[in-house]
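Novice: My numbering numbers the first residue of the sequence shown as 917 and each following residue consecutively.
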Amino acid sequence: MARIVAGVATSHIPAIAAALDSGKSHEPYWQPVFSGYEFSKRWIAEQKPDVVVLVYNDHASAFSLDLIPTFAIGCAESFAPADEGWGPRPVPVVEGHPELAWHIAQATILDEFDMTIVNKMDVDHGLTVPLSLMFGQPAAWPCKVIPLAVNVVQYPPPLGKRCYALGRAIRKAVESFDTDLKVMIWGTGGMSHQLQGPRAGLINREFDTAFLDGLTRDPEALTRISHLEYVREAGSEGIELVMWLIMRGALAADAKENYRFYHVPASNTAVGHIILENS
Ligand code: DHB
Ligand code: FE
């Protein structure tokens, strides 16, 4: 059977990609950001997952205001890096796992989650930056990736509680897939950040630290954070953190924190990262 062995959460700041792709990762500004992922890169090279279910949000790259799926699962064979205005990132094409993706789509829809099925989609920094942070710059990504896009761009995004419940449904789905596969689930985005308006540049270290603590100790409490509280405490883009709750919901209640990293600044944003392992 397939099983979920671990969860990873990380910010997906596009400036990180720009730094990496243009060979600036050793510059004094960026070095502390990338050094925070050295442990994680060694860890995942040992773990060798077969598949990552990668929860992220599209930033008007594949979708636009014409079409806004709340939850969308990528069932294609492959997903090309999106052109976000400077041409596609020079990173490998993302190879999907259509069989497991369709199985998760079927299982979650029959479990009352109205998932949108996507058979053609480009993937933007929300998905490719986490891959770069965890795997560096390989010629090909070392595992299959199932993109799971969540709308956190246009109000109303899903509630944290719903995201957590979806995570649980994904876990059930993966565990009922009849092939031996080592699966990870990643949640991306966050932490506190606001990119526009009078509060642009907002960082709330206290909120972010409490969120990281809560992921390990009391994730159920995090599911009660309201939309208004996310915006007030974590800024307008801090709402991306609901995607971390999908990751957490897919893990065992007693999953253990294996690693944590928090750093300010990277671009306008707090970089947050955590690894949780099922025992
Ligand atoms: C930025 C964009 C993002 O999508 C994000 O999550 C964090 C930062 C940015 O443009 O700096
Ligand atoms: Fe984002």
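Where a beta carbon is used, it is the ideal one built from N, C-alpha and C, also for glycine.
Given the structure is predicted, the values throughout are model-derived calculations rather than measurements.
#1: Under the criterion of a Cβ to heavy atom distance below 6 Å, does ASN1174 qualify as lining the ligand DHB?
#2: Starting from ALA931, trace the alpha helix (DSSP H) in both directions and tell me its first and last residue.
#3: Quick one: does the C-beta of GLY1105 sit closer than 6 Å to a heavy atom of the ligand FE?
#4: Beta-carbon within less than 6 Å of GLU1000's beta-carbon, same chain only, minus the 5 sequence neighbours each way: which residues are those?
#5: Helix, strand or coil for TYR953? Go by DSSP, reduced to three states.
#6: If you draw a straight line from the C-alpha of VAL1068 to the C-alpha of THR1104, how long is it?
#7: Let's test the definition: count the other Cβ atoms within 10 Å of the Cβ of MET1037 and tell me whether it reaches 16, buried, or not, exposed.
#8: Could you check if GLU1156 is buried or exposed, using at least 16 other CB atoms within 10 Å of its CB as the buried criterion?
#9: Under three-state DSSP, which class holds THR1139?
#10: Helix, strand or coil for ILE1119, going by three-state DSSP, please let me know.
#11: Could you tell me which of LEU1128, THR1044, PRO1054 and LEU1144 sits nearest to MET1163, measuring between CA atoms?
#12: Please classify PHE1203: does DSSP put it in a helix, a strand, or coil?
#13: For a quick check, are the C-beta atoms of ASN1194 and LEU1167 less than 7 Å apart?
#14: In whole angstroms, give me the CA-to-CA distance for LEU1138 and TYR1071.
#15: Could you check where the alpha helix (DSSP H) with GLU1173 kicks off and where it finishes?
#16: Considering only heavy atoms of the ligand DHB and the C-beta of each residue, which residues fall inside 6 Å, strictly closer?
#17: Would you call the segment 1055-1065 and the segment 948-968 touching, i.e. three or more CB-CB distances under 8 Å?
#18: Give the straight-line distance between the Cα atoms of ALA1023 and ALA925, rounded to the nearest whole angstrom.
#19: Provide the residue span of the beta strand (DSSP E) that contains GLU1193, from first to last.
#20: Would you mind giving the Cβ-Cβ distance between PHE995 and PRO1054, rounded to the nearest angstrom? I have them listed as a contact below 8 Å.
#21: Suppose the cutoff is 8 Å on Cβ atoms and the five residues either side in sequence are ignored; what does the same chain contact list for VAL1158 look like?
#22: Which one or two residues does DSSP pair with TRP1102 in a beta bridge?
#23: CA-CA distance, PHE1051 and GLU1149?
#24: Suppose the cutoff is 6 Å on Cβ atoms and the five residues either side in sequence are ignored; what does the same chain contact list for VAL1180 look like?
#25: What residue range is occupied by the uninterrupted alpha helix (DSSP H) comprising ALA988?
Specialist: Taking the definition as stated:
#1: no
#2: 930-937
#3: yes
#4: SER977 and ASP1040
#5: coil
#6: 12 Å
#7: buried
#8: buried
#9: coil
#10: coil
#11: LEU1128
#12: The structure shown does not extend to residue 1203, since the chain is modelled only from 917 to 1195, so the question has no answer here.
#13: yes
#14: 20 Å
#15: Run containing GLU1173: none in the alpha helix (DSSP H); it sits in the beta strand (DSSP E), 1172-1182.
#16: HIS928, ILE929, PRO930, ALA931, HIS975, GLY1105, HIS1109, LEU1111, GLU1153, GLU1156, SER1183, ASN1184 and THR1185
#17: yes
#18: 24 Å
#19: 1185-1193
#20: About 16 Å; that fails the 8 Å criterion.
#21: VAL1066, VAL1068, PRO1073, PRO1074, LEU1075, GLY1076, CYS1079 and TYR1146
#22: VAL924 and LEU970
#23: 31 Å
#24: ILE1119 and ALA1186
#25: Run containing ALA988: none in the alpha helix (DSSP H); it sits in the beta strand (DSSP E), 987-990.
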